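Shown next as structure tokens:
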């Protein structure tokens, strides 16, 4: 029940958005069956939203610790390149996937060490990998777009399972699994405590350093999954464009999910709905026939609205105004009663 | 010795050493032709890095500059194509527009009390989106005035060309040095970066300074956009993606503390030239691929951030030592 209350604004926003898109493109809600899989714009949203949704899972945790991970887009490119070169080199599917995940974990470990042990601000620490990452990815692919023909690997991008696309299953499993892990154990609480006050949580006995590193490793792993999905979808690793700008979309998904950039309480489910909202905008603009150039402007407007809603200063002024309003009304009531 | 200037010295030493190494391998790299090209090719980056330096000194960040440069190019190209305005008039319009854009972001950062990077992120989306809306395709600039701007250069001894945009970059760095180190506004920026509470107690007008800092960055991004449009002779909405990161890297390699409050404008110029030198070396070598640029820049970035961290620890322990 509390969960429903928490995600109500996001659900309402998503519903309104879907209604709006349906006005411009009546076929938006139509779902058909082609062969053994469901098809339709909504299913497409579930599939295309997978990379951002996967990134948003890790990003939510990182932001909850009052951090930020700018490197997820480039980590996607690196992991995609690793997986593609392993598959193309004939290593087999499972080792390729494991290698890609290991590369993601390594990237996360690097970020985590810089943030938690060296003590660099998260924004700066992850900027280093963001600048270097595409160079590393190009080093792996040797500057080409590495293509492969392995059907098993392509299954992760374009296959379907029980009617739904595999990427959709991936982000659903990853997101719900992580949410359960955080909420059914004390882990979520500990992560929040670091975001609110790292020093105080460390004094209270939370191993903040290890937990902080672990959070960045999770973010790296999520980025690896997203990289695998993108690479498998186009059957090739594009070091230049894989995951380009996606770190921004992931951050946007998290803040649309109502999570504060200043750390503390978080909800992974809300972030996932945030990712769906972003994808619905993307797909909706295309389907409604608007030029896709509007996309960025609409996103900018969205960020602005959320910023105003989240702003501590505006919230403070609103509370002040409300309290003074209430006080004056009560004073008027008292005066009325006295008469 | 002044520990604050240590990163600057390190930057200059690294730049000179790197140049020496390049020179040992390719003696031609010292010719005025290469030096002239180094200035011309990095002119737009140098200008935008001047604005970024001031923003970082104030403890903020401006992620919108790359998009603003692209928007400027498209804006100039489209206006010149559609109307018969003189380019100089268009330049003035553009600079007013980007300065106002920067000021608006500064205003929001101060009023909303939100992290600068998320506000300027919205600015980045907005500027890029506006550029897309003006034109998706690359728009060539055919105005005769542009031809004169492009072909304006001073022939240095040794046949090197000191182009107009290279001179503009050097002058901008000079102006930036004056603003940062010689004006009351510059002192306010340093104070703000050193600590907001102390700055307020010192009597710095926080809101006004924040707004002016981002307005200055917007102005520099606009000027950089003009220079970039002269350099490429066109406006393209997909140009200069990621320039904000290159500019931040140049500022940090130039020895400015990313947390704000300490650094020198001159260091930024050296930082920009260092990055240009890496690229020039890779071109000279011919066998290395261009992606090494990104990796080397990343490594340099890491080294300087670690250096700053170490210096901060050093000065803190010294403070504690003198207090005891």
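Protein chains in written order, with the working numbering: chain A, 51 to 389; chain B, 105 to 428. The beta-carbon is built from N, C-alpha and C at its ideal position, and this holds for glycine as well. Everything numeric in this text was worked out from a predicted model, so none of it was measured.
is_contact[residue i, chain A] using C-beta, thresh 7 Å
{"i": "residue 428/B", "result": "Its pLDDT being 43, under 50, residue 428/B is placed unreliably by the model, and the measurement read from it follows with that caveat. Residue 428/B does not count as touching chain A."}
{"i": "residue 236/B", "result": "yes"}
{"i": "residue 353/B", "result": "yes"}
{"i": "residue 229/B", "result": "yes"}
{"i": "residue 311/B", "result": "no"}
{"i": "residue 349/B", "result": "yes"}
{"i": "residue 362/B", "result": "yes"}
CB contact check: residue i to chain B, cutoff 7 Å
{"i": "residue 184/A", "result": "yes"}
{"i": "residue 343/A", "result": "yes"}
{"i": "residue 181/A", "result": "yes"}
{"i": "residue 363/A", "result": "yes"}
{"i": "residue 381/A", "result": "no"}
{"i": "residue 353/A", "result": "yes"}
{"i": "residue 347/A", "result": "yes"}
{"i": "residue 178/A", "result": "yes"}
{"i": "residue 350/A", "result": "yes"}
{"i": "residue 128/A", "result": "no"}
Status (buried if at least 16 other CB within 10 Å, exposed otherwise) for residue i
{"i": "residue 182/A", "result": "buried"}
{"i": "residue 80/A", "result": "exposed"}
{"i": "residue 161/A", "result": "buried"}
{"i": "residue 86/A", "result": "exposed"}
{"i": "residue 60/A", "result": "buried"}
{"i": "residue 328/A", "result": "buried"}
{"i": "residue 196/B", "result": "exposed"}
{"i": "residue 264/B", "result": "buried"}
{"i": "residue 429/B", "result": "No statement about residue 429/B is possible, as the shown extent of chain B runs from 105 to 428 and does not include it."}
{"i": "residue 261/B", "result": "exposed"}
{"i": "residue 345/A", "result": "buried"}
{"i": "residue 249/B", "result": "exposed"}
{"i": "residue 214/B", "result": "buried"}
Residues that DSSP places opposite residue i in a beta bridge
{"i": "residue 196/A", "result": "287/A"}
{"i": "residue 84/A", "result": "87/A"}
{"i": "residue 210/A", "result": "215/A"}
{"i": "residue 293/B", "result": "In the DSSP output, where bridge partners are listed per residue, residue 293/B has none listed."}
{"i": "residue 258/B", "result": "266/B"}
Through-space distance from residue j to residue i, alpha-carbon basis
{"i": "residue 223/A", "j": "residue 153/B", "result": "44 Å"}
{"i": "residue 240/B", "j": "residue 181/B", "result": "12 Å"}
{"i": "residue 319/A", "j": "residue 113/A", "result": "14 Å"}
{"i": "residue 327/B", "j": "residue 151/B", "result": "7 Å"}
{"i": "residue 314/B", "j": "residue 208/B", "result": "10 Å"}
{"i": "residue 163/A", "j": "residue 110/A", "result": "19 Å"}
{"i": "residue 277/B", "j": "residue 211/B", "result": "25 Å"}
{"i": "residue 268/B", "j": "residue 350/B", "result": "23 Å"}
{"i": "residue 343/B", "j": "residue 192/B", "result": "22 Å"}
{"i": "residue 283/B", "j": "residue 289/B", "result": "7 Å"}
{"i": "residue 390/A", "j": "residue 209/A", "result": "As shown, chain A starts at 51 and ends at 389. That puts residue 390/A outside it, with no answer to give."}
{"i": "residue 366/B", "j": "residue 57/A", "result": "43 Å"}
{"i": "residue 126/B", "j": "residue 162/B", "result": "35 Å"}
{"i": "residue 101/A", "j": "residue 54/A", "result": "25 Å"}
{"i": "residue 427/B", "j": "residue 421/B", "result": "Low local confidence applies: a pLDDT of 49 at residue 427/B is under 50, so the model's placement there is unreliable, with the coordinate-based value given in what follows. One C-alpha to the other measures close to 10 Å."}
{"i": "residue 294/B", "j": "residue 346/B", "result": "27 Å"}
{"i": "residue 373/B", "j": "residue 121/A", "result": "27 Å"}
{"i": "residue 404/B", "j": "residue 276/A", "result": "29 Å"}
{"i": "residue 131/A", "j": "residue 287/A", "result": "5 Å"}
{"i": "residue 194/A", "j": "residue 190/B", "result": "44 Å"}
{"i": "residue 338/A", "j": "residue 332/A", "result": "10 Å"}
{"i": "residue 108/A", "j": "residue 270/A", "result": "7 Å"}
Proximal chain E residues relative to residue i, where beta-carbon distance stays under 8 Å
{"i": "residue 358/A", "result": "Chain labels in this structure do not include chain E; the protein chains are A and B."}
Taking a Cβ distance cut-off of 7 Å, strictly less, list which residues of the segment 367-379 of chain B are near chain A, in chain order.
If the cut-off is 7 Å between Cβ atoms, the segment 367-379 of chain B has nothing near chain A.
Residues of the segment 202-227 of chain B with Cβ closer than 8 Å to any Cβ of chain A, in chain order
212, 215, 216, 217, 218, 219, 221, 222, 223, 225, 226 and 227
Closer than 8 Å between beta carbons: that is the criterion. Which residues of the segment 399-416 of chain B meet it against chain A?
399, 401, 402, 403, 405, 406, 409, 410 and 413
Note down, in chain order, all residues in the segment 384-397 of chain B with a beta-carbon under 9 Å from any beta-carbon belonging to chain A.
393, 394, 395, 396 and 397
Can you pull out the residues from the segment 189-212 of chain A whose beta carbon lies closer than 7 Å to at least one beta carbon of chain B?
189 and 193
Under 9 Å (Cβ pairs) to chain B, residues found in the segment 162-174 of chain A:
164, 168, 169, 170, 171, 173 and 174
Taking any Cβ of chain A, which residues in the segment 232-264 of chain B have a Cβ under 8 Å from it, in chain order?
Cβ contacts with chain A come from 232, 233, 234, 236, 237 and 240.
By the 7 Å beta-carbon criterion, what residues does the segment 287-310 of chain A contribute toward chain B?
So the list reads 298, given in the order they occur along the chain.
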